[in-house]
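Q: Residue numbers (our numbering): 214 to 342. Have a look at this one.
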Amino acid sequence: MELIPASLYEAAGGAATIDRLVDEFYMRVAVDPVLSPLFPEDFTLIRRKQKAFLTQFFGGPAKYAEEFGAPMMRFRHLRFAITPTHQTAWLHCMSEAMDAVGLSGELRRVMFDRLTLTAGHMVNTPAEE
Ligand code: HEM
């Protein structure tokens, strides 16, 4: 019998996939006209944090909590005015990154659905007029 992966993290290919996904994601964020103004020029730290976070978000080891404490992601985003436009741009970059690393089918759909829910939760500012 095929082994059933313990988590989405493992099903997706573990650390190697998360590393590539996050690298592809921030390459796109860095040149996205809506998102790039929110981020620092140097993505080194944010890449490291996001790799740790998505590892635990998808059911892998609790790397983010170990190194950075309780996620409290909505709270950590409150210092930025995040609108539905930012949410759409974030999810667009993530969707392209998922395609770039070859995630597909049901696994990709489930992972993207979870990210979509969380992205909605980060919105803290109404749409611009
Ligand atoms: C909805 C649109 C989103 C926008 C515009 C956004 C933007 C940002 C910005 C500007 C930062 C801070 C970068 C810095 O350190 O200077 C950040 C941090 C972070 N974001 Fe987002 N984000 C969004 C959604 C998400 C989602 C959906 C997740 C996770 C699934 C996420 C995970 C993180 C993590 C892990 C950090 C690092 C937190 C820390 O330890 O400081 N973000 N985000």
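Cβ coordinates follow ideal geometry from the N, Cα and C atoms, glycine included.
Shorter than 7 Å, the distance from the beta carbon of His299 to the closest heavy atom of the ligand HEM, or not?
A: yes
Q: Measuring straight from C-alpha to C-alpha, what distance separates Pro274 and Thr268?
A: 6 Å
Q: For Ser317, which three-state DSSP category applies?
A: coil
Q: Let's see if you can read the secondary structure: which residues bound the alpha helix (DSSP H) around Ala228?
A: Start and end: 227-243.
Q: Is the separation between the beta-carbon of Ala348 and that of Leu248 shorter than 8 Å?
A: The question about residue 348 has no answer, for the chain in this structure spans 214 to 342.
Q: In the DSSP assignment, find the alpha helix (DSSP H) that holds Phe281 and state where it starts and stops.
A: 276-281
Q: In its own chain, which residues sit with a C-beta less than 6 Å from the C-beta of Leu251, not counting the 5 before and 5 after it?
A: Phe293
Q: Distance check for Gly315 and Ala278, CA to CA, integer angstroms please.
A: So the alpha carbons of these two residues sit roughly 28 Å apart.
Q: What does a CB cutoff of less than 7 Å around Phe238 pick up in its chain, not counting 5 residues either side in sequence?
A: Cys306, Met307, Ala310
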